[in-house]
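Worksheet for the structure shown next.
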Amino acid sequence: MAYTVKDYKTEVWVDWCPGCGDFGILNALQQALAALQIPPHKVAVFSGIGCSGKTPHYIGAYGIHTLHGRVLPTATGFKLANPEMTVIAVGGDGDGYGIGAGYFLAAGRRNVDLTYIVFNNGVYGLTKGQASPTLPKGVQTKSLPEPNLMEALNPIAVALGAGYTFIARGYAYDVRHLRDLIVAAIQHRGTALIDVLQPCPTYNNIYTREYYNARIYKLEETGYDPVVHNPEDEKEIVEKKAQALLKAYENGDRIPIGIFYRVERPTLEDELAARLPHWGKALADLEPIYRRDLTPLLDELS
Amino acid sequence: MPKRFVSWMIGGPQGSGINVAAETLAKAFSRGGLYVFANIEYHSNIMGKHSYYRIRVSEEPVHAPVDEVHLLAALDEETLFGDHHHNPEFPTHHGHVHEVVPGGGIIYDADLGDIRARLKRDDLRLYPVPYFEMIRRALEPFGKASEYRQYDIMRNTVALGATLAVLDYDFDLVAEVIREQFKGRRARLADLNIQALRVTYDYVHERFGNDFPWKVRRRERRADQILIRGVQAVAMGKLQAGLGLQTYYPISPATDESTYLESVQSQYNVVVIQTEDEISAINMAVGAAHAGARAATSTAGPGFALMPEGIGFAAITEAPGLVIFLYQRGGPSTGLPTRTEQADLGFALHPAHGEFPHLVIAPGDVVEAFYDSFEAFNWADRYQMPVIVLLDKYLATSYITVPRFDTRHLVIDRGVRYQPTGQPDGYLRHAVTESGISPWVVPGTEGVVFWTTTDEHNPKGHISEGVIHRVEQMDKRMRKLELAAREIPEGKKFTLHGPADAQVTLVGWGTTKGAILDAMEELAALNGLTFNFLQIRMMRPFPAEPVGAILRRARRVILIENNYSGQLGNLIREMTGFQIPHRVLKYDGRPFSVNEVVEGVRRALEDNEERIVMISSEAREVIPWPTR
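Chains as they are written, first to last, in the numbering used here: chain A, 1 to 302; chain B, 1001 to 1628.
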């Protein structure tokens, strides 16, 4: 039986503002799951707090709506305990690059096989439009009483430094392109970051649909090659990172979307499997651990 | 009857191997059919600061340290005379000579010269041993005598060899333990160390004779005894319980448990992850618990202070199988990183904002730590609420002879599981039930999906701010606590040690247990009164009714706690209305000695003091044993 997009929907009323970029991301994610034909009971969607935090409730799969900023550790623990699940983490830019910044870095270092989609709109929407870590300095969106005081963080650049093995940027209003990015991210073995430009029509009157529509172009249409073809070659890795970094800072009249960087590296699961000969299936499967025998350890103590 | 025992202490700078010497000796004692209680005091420092290790050895079980030292082995001058040379303005201690009993002995480096005048007492037996000369002689057969200065690390073995000679203990047992420590390529080091042990042993026998009044004799080896450290007991309880994933962020004194688990992870198929901080540690464990694994994190106070939101998360989403192990240390803030305290009881009882059910169990010793660590996971699964196991630094580093753990009666109970019907949408993760328990399911189960959220929610796990959903979910979560209170056997909640109708009732929790039990034997001999000890173990749900009944029936009640304010006393008052009139407290970062319990109880009974504060013998005169 083939799964359709409908199988990944729920009856829950979607309470995002009309015109919100979140709708595009939700549709793209559901379409990607259908395209990959992953059974709903083999998918777990995790979210942080904020408008994006509601996403799992709208998806017909295991949905765990966690704390502000802590979506990555929670999703990581879940994946390591139950590695046969496809794990997708979603969150906002404040969630991932602000309060969750430490976990954003550590997730790159760990390279657990999961996909992390950031709904990046430059504002804290649910608390009515405060500046987020990706809002540039000096910018004053309509709900800010004064212009923003701090420099913006560049998620792609930070992800390159943190060790992410798949780094992409999507655009919420190009659903088909975003769907393909999500498919590629899920298929990638390792932690995949998709930073999604997601206009907030209610609070961000500067980085709007019109703003992005006039500037966005696709990296893959320019002959850009994000892939490290020889992951053993440190020189190629650095070159591909440098190339991605230049593209990451291209945010004036032209803004690239697509895959910036991609490399195949051992995942944390690979490393664990090498250490734990019986690990790999769900730790929830208690059969082996029901039979644990402490005798060898106790013998050492006598 | 008060116990006969020998008390030995080794002191030296951190990095000098006092722990290896002490643990070698402890193991040799334990293998000799004797009972050992040993514990280390050390600084938050890698190298150089003063540390000391006490061993109490007896033919009967011993459970706690005592003030007095029969034989002191000093690796350095500071162990004898304190740290005035490092800290002339504010010395932290004045050495341990004053803790040695009259007629007791001191082993020290003869290179320190004549120390008699500096000792300020002439009732001790002195055993000056030329440490480096012993090392030089030990190296001779290996053709390395000229390199003796490079082998200064072997001074601990020299002190151990002298100890064996003075106590007249079995040389071969110690040599056997040393040989086991150096295996494979390091076997040559075993030969060197055993030679150093032998050279010193012979030197001391020859030079000082064999007249030390406190000797230790080996007995028949007992196969049913093990010598175990607190952190190992906890780790084994978790392994036996089927722990799937453990997270931790390095912190004293909890880390040793995680690294022990890591060292056996391939053997037992357990994932141990060092996280970027304790917030990640708790959330990763919550994620693993929701995935269906038994998950745990181990930390100390400062790490636990980062975990409240994760604990609330586990509670409102009803994560099954999550247990948090909190090793208390001296607080607040960074406090005393490597010292013990019982000051996080209040924190463990109120570990996050809002109202939610959780369990708090406080094992009293290493044995209870094993069984409680096991049982905690059954409760976490059955009641789908976070369980906190409250431990401390003292328990973590306690090294004690105990009966080998009996695992035959330990049964894993994963609680009420959902049986898929094949009908889609049939499953409600937060179904409202009479017991409050909503059957849980391992994600990945075919035909089932669920949602859950840190927001308040409806039975399906979707966000709801509806009045009825709120009240239903609050009530059903809290009903689980009532269920736990009904189902958990009384024997897990508290123990009344001693006669029910005793004239004096001592009240305590956690690791004061050993000192109180050992003190009770002394106290009975002291003045003919009868004593019992009410040990509270389950802090939430609190056994208010039976505890209140016992206390109201008791004639004189004395509280003993390793903290400033008497947190259990406050809890008892809150829960039962009973105000305990006497509080024996200690908050200098060290555990209660048996002497201190005896003295505290004496002052409460004879002097009728309400608040009695104990200071460790490190910083005061030894409390004489009234019964000796």
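Idealized CB from N, CA, C, for every residue including glycine.
Legend entry - Cross-chain neighbours of His65/A in chain B, by beta carbon under 8 Å: Within chain B, the residues near His65/A are Trp1451, Thr1452, Thr1453, Thr1454, Asp1455, Ile1463.
Legend entry - Proximity below 8 Å, CB of Ile1463/B to CB of Asp1475/B: Not a contact, by the Cβ cut-off of 8 Å.
Legend entry - Own chain, CB closer than 8 Å to Ala2/A, minus 5 neighbours either side, in chain order: In chain order, Gln37 place their CB closer than 8 Å to the CB of Ala2/A, counting only its own chain and leaving out the 5 sequence neighbours on each side.
Legend entry - Segment limits, alpha helix (DSSP H) that includes Leu1328/B: For the sequence presented, residue 1328/B should be read as Gln rather than Leu. For Gln1328/B, there is no enclosing alpha helix (DSSP H); the residue is found in the beta strand (DSSP E) stretching over 1322–1328.
Legend entry - Rounded straight-line distance, which links the Cα of Val196/A to that of Tyr212/A: For Tyr212/A and Val196/A, the distance between alpha carbons rounds to 12 Å.
Inset, instruction - Determine the chain B residues that contact Gly60/A at a beta-carbon separation under 8 Å, and present them in chain order. - result: Within chain B, the residues Val1449 have their CB atoms less than 8 Å from the CB of Gly60/A, given in chain order.
Legend entry - Touch test, the segment 141–151 of chain A against the segment 161–177 of chain A, Cβ-Cβ under 8 Å, three pairs minimum: As far as the Cβ criterion goes, the segment 141–151 of chain A does not touch the segment 161–177 of chain A, which means the pair count is below three.
Legend entry - Contained beta strand (DSSP E) runs [length at least 3] in the segment 41–71 of chain A, N- to C-terminal order: As far as the segment 41–71 of chain A is concerned, its whole beta strand (DSSP E) runs of at least 3 residues are 43–47, 62–65.
Inset, instruction - Report the residues of the segment 69–86 of chain A with a CB closer than 7 Å to any CB of chain B, ordered along the chain. - result: Listed by position along the chain: Arg70, Pro73, Thr74, Ala75, Thr76, Gly77, Phe78, Leu80, Ala81, Asn82, Glu84, Met85.
Legend entry - Proximity of Ala1380/B and Pro1308/B at Cβ, strictly below 8 Å: No, they are not a contact pair.
Legend entry - Extent of the continuous alpha helix (DSSP H) run through Phe1029/B: From DSSP, the alpha helix (DSSP H) with Phe1029/B extends over 1018–1031.
Inset, instruction - Kindly give me the distance between the Cβ atoms of Leu1167/B and Val1174/B, rounded to whole angstroms, as I take these residues to be in contact under 8 Å. - result: Not a contact, Cβ separation roughly 11 Å.
Inset, instruction - Would you mind stating whether Gly77/A and Asn1283/B have Cβ atoms separated by less than 8 Å? - result: Here Gly77/A is near Asn1283/B, since their CB atoms are less than 8 Å apart.
Inset, instruction - Give the secondary structure of Trp1440/B by DSSP, where H, G and I count as helix, E and B as strand, and everything else as coil. - result: Strand, per DSSP.
Inset, instruction - Could you name the residues of the segment 1232–1247 of chain B whose beta carbon sits closer than 9 Å to any beta carbon of chain A, in the order they occur along the chain? - result: Listed by position along the chain: Gln1232, Ala1235, Met1236, Leu1239, Gln1240, Ala1241, Gly1242, Leu1243, Gly1244, Leu1245, Thr1247.
Legend entry - Nearest residue (CA-CA) to Glu1631/B, options Gln1267/B, Leu1306/B, Glu1206/B: Here chain B has residues from 1001 to 1628 only, and residue 1631/B is not among them.
Legend entry - Nearest-angstrom Cβ-Cβ length linking Ala168/A and Phe104/A, presumed shorter than 8 Å: In fact, because the Cβ distance is near 15 Å, the residues do not count as touching under 8 Å.
Inset, instruction - Assign Arg1185/B to buried or exposed, taking buried as 16 or more other Cβ atoms, counted over all protein chains shown, within 10 Å of its Cβ. - result: Residue burial is scored here from C-beta neighbours: Arg1185/B has fewer than 16 other C-beta atoms within 10 angstroms and is therefore classed as exposed.
Inset, instruction - Starting from the beta carbon of Lys42/A, find every residue of chain B whose beta carbon is closer than 8 Å, and list them in chain order. - result: Contact note: Lys42/A reaches chain B through Gly1444, using a C-beta cutoff of 8 Å and chain order.
Legend entry - Residue burial classification, Gly258/A (beta-carbon count within 10 angstroms, cutoff 16): Buried: at least 16 other Cβ atoms inside 10 Å.
Inset, instruction - Return yes when the Cβ of Thr1259/B is within less than 8 Å of the Cβ of Glu1278/B, no when it is not. - result: No, the Cβ-Cβ distance between Glu1278/B and Thr1259/B is not below 8 Å.
Legend entry - Whole-angstrom distance between Asp1392/B and Tyr1327/B, CA atom to CA atom: If I take the Cα positions, the gap works out to 4 Å.
Inset, instruction - Please confirm if Gly92/A has its CB atom under 8 Å from at least one CB of chain B. - result: No, Gly92/A lies away from the interface with chain B (no Cβ there is under 8 Å from its Cβ).
Inset, instruction - Under 8 Å by Cβ, that's how I've got Tyr203/A and Gly94/A pegged, so tell me the actual separation to the nearest angstrom. - result: Between Gly94/A and Tyr203/A the Cβ distance is about 12 Å, and since that is not below 8 Å, they are no contact.
Inset, instruction - Ignore the nearest five residues each way along the sequence and tell me which others in Val1158/B's own chain have a CB closer than 7 Å to its CB. - result: Excluding residues within five positions, the ones whose Cβ falls inside 7 Å are Val1129, Tyr1131, Met1134, Ile1135, Ala1196, Thr1200.
Inset, instruction - Output yes if chain B places a C-beta closer than 8 Å to the C-beta of Leu298/A; else output no. - result: Answer yes: the Cβ-Cβ gap between Leu298/A and chain B drops below 8 Å somewhere.
Inset, instruction - Taking the CB atoms as reference points, tell me whether Arg1590/B and Glu1060/B lie closer together than 8 Å. - result: No, Cβ-Cβ distance for Arg1590/B and Glu1060/B is not below 8 Å.
Inset, instruction - Taking only the alpha-carbon atoms, compute the straight-line gap between Pro40/A and Gly1015/B and give it to the nearest angstrom. - result: Straight-line Cα distance between these residues: approximately 56 Å.
Legend entry - Residue from Asn1562/B, Gly1209/B, Glu1472/B, Val1449/B with nearest C-alpha to Thr1512/B: Measuring C-alpha to C-alpha distances from Thr1512/B to each of Asn1562/B, Gly1209/B, Glu1472/B, Val1449/B identifies Asn1562/B as the nearest.
Legend entry - Within chain B, the residues that Gly102/A reaches when beta carbons sit closer than 7 Å: Simply Glu1276, Asp1277.
Inset, instruction - Following the continuous beta strand (DSSP E) through Leu1126/B, name the residue where it begins and the one where it ends. - result: That run of the beta strand (DSSP E) goes 1125–1129.
Legend entry - Any C-beta of chain B under 8 Å from that of Tyr290/A: For Tyr290/A, a Cβ of chain B is located within less than 8 Å of the residue's own Cβ.
Legend entry - Three or more C-beta pairs below 8 Å linking the segment 1403–1420 of chain B and the segment 1503–1512 of chain B: As far as the Cβ criterion goes, the segment 1403–1420 of chain B does not touch the segment 1503–1512 of chain B, which means the pair count is below three.
Legend entry - For Lys218/A, the residue or residues it bridges with in DSSP: Residue pairing by DSSP places Lys218/A opposite Ile257/A in a beta bridge.
Inset, instruction - For His1098/B, collect the residues of the same chain with a Cβ closer than 6 Å to its Cβ; drop the 5 residues on either side in sequence, then sort them by chain order. - result: The beta carbon of His1098/B sits closer than 6 Å to no other beta carbon from its chain once the five residues preceding and following it are set aside.
Inset, instruction - Decide yes or no for the touch test of the segment 1439–1457 of chain B against the segment 1476–1485 of chain B: beta carbon pairs closer than 8 Å, at least 3 of them. - result: Too few Cβ pairs lie closer than 8 Å, so no.
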